[in-house]
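Numbering (the numbering used here), first residue to last: 165 to 573. Backbone N, C-alpha and C define an ideal beta-carbon position, used for all residues, glycine too. Note that the structure is a prediction, hence the values are computed from the model and not measured. Worksheet: the structure to be examined is printed underneath.
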């Protein structure tokens, strides 16, 4: 008999600011994503608090009146965690904790927590642990306020400072140890990549939760973990895939996200090396998401950061089964026809048209247009392969030729 399990979600509130650089619409979009992150981490969002400011308050991120509203709500609803959309400085975090008297997280800390939950292999656990320690180091001082040794002056010297310095030394030593461990892992993964020979390497890249792992399962007929949550996949998975008679290596990589913590980009170097060494990128996009163009921009920025933005790329617009355009009533003469109302055909005629044949529309879940996808990948991989090995030209004929031969048989 299967026992019933009750999932208890931690009560949380979200906090963000509207600034000159961040409009209200953009903030709401970020908070939607932050709420999904919170749900992925095991939290339930009770309320969002937003405030218009020229720039965040250097002491408490939001104004004194607004933070008092947050405090009252937290006390009245027994909320355990307040999550801020932007990264807090160590001083801000310390000041806010004193006022709200609850656990304070920022977007970076939340993403690190999700990564820690999702890490399965020794490699990914080491990468996440390094990122966590790098995030923790400048924030150690705020964790020792209970010793009352932080203010300095008469009677304020001694154990508190000693304790902090000891902890800082321990954390620095741990960071150094983890970096050495990652260097060893990088060498091992480098050897593994070298042992794969001269096969063409294809990497799936894209924003988190766009369906990369689902697509990987369909193409490679493997069982890569896939779930409708952010960062379901952290560990790089490499599979040998054969389309018709053409073999190549397909890599499923960690998903990207806006405001990706720099600590993660650094610590996930060995994972991102799979992208750097790929011959072809399949940039998977969730076209059903209302802000998919921003997602594309975020992924392109991350690719530029790791110097992989000039590689041959096929744009794969996934989840066409979930795509729904907003309809305008026939008698509505006021509403302007804009991107929200575009159909898939209208999207094809926008900037996507300039990419020519390097744009595909599929549903990995329902396996829609997968034959067109296989054909395009086959032709692109074949071109790369015969450029590398010209004598293999006859070994891997054009896709249509194979299809005709199979029909004759």
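Per DSSP, the unbroken alpha helix (DSSP H) holding residue 380 starts and ends at 376-384. Just measuring C-alpha positions, the residue of 453, 514, 479 sitting nearest residue 487 is 453. Nearest to residue 375 by C-alpha distance, out of 250, 526, 536, is 526. With contacts defined as CB atoms closer than 8 Å, residue 299 and residue 339 fail to qualify as a contacting pair. Here residue 362 is exposed, its C-beta having fewer than 16 other C-beta atoms within 10 Å. A residue is called buried once 16 or more other Cβ atoms fall within 10 Å of its Cβ, and residue 456 is buried on that count.
One alpha carbon belongs to residue 230, the other to residue 177, and they sit about 13 Å apart.
Excluding residues up to 5 positions away in sequence, 175 lie with their Cβ nearer than 7 Å to the Cβ of residue 242 in the same chain. Around the CB of residue 519, fewer than 16 other CB atoms lie within 10 Å, so the residue is classed as exposed. Distance from the Cα of residue 280 is smallest, within the candidate group 268, 220, 294, 269, for 294.
Under the DSSP assignment, residue 302 falls outside any alpha helix (DSSP H); it carries neither an H nor an E label. In the structure shown, residue 345 adopts helical secondary structure according to DSSP, grouped into three states. Under the three-state reduction of DSSP output, residue 262 falls in the helix class. Secondary structure at residue 237: helix, using DSSP grouped into helix, strand and coil.
A straight-line Cα-Cα distance of about 13 Å links residue 490 and residue 510. From the listed residues 181, 197, 349, the smallest Cα separation to residue 214 is found for 181. Taking a cut-off of 8 Å on C-beta distances, the region 546-554 does not touch the region 527-538, as fewer than three cross pairs fall below it. Given a length threshold of 4 residues, each whole run of the alpha helix (DSSP H) inside the region 413-481 is given here in chain order: 426-431, 433-440, 456-469. Here the region 221-230 does not lie against the region 198-207, with fewer than 3 beta-carbon pairs under 8 Å apart. Residue 186 holds the alpha-carbon nearest to the alpha-carbon of residue 218 among 537, 186, 244, 451.
By the 16-neighbour rule on beta-carbons within 10 angstroms, residue 474 is exposed. Short of 8 Å from the beta carbon of residue 470, and not among the five residues preceding or following it, lie these beta carbons of its own chain, in chain order: 429, 436, 439, 440. By the CB criterion at 8 Å, residue 444 and residue 476 fall inside the cutoff. Non-local C-beta neighbours of residue 460 in its own chain, meaning closer than 7 Å and more than five positions away in sequence, comprise 449, ordered along the chain.
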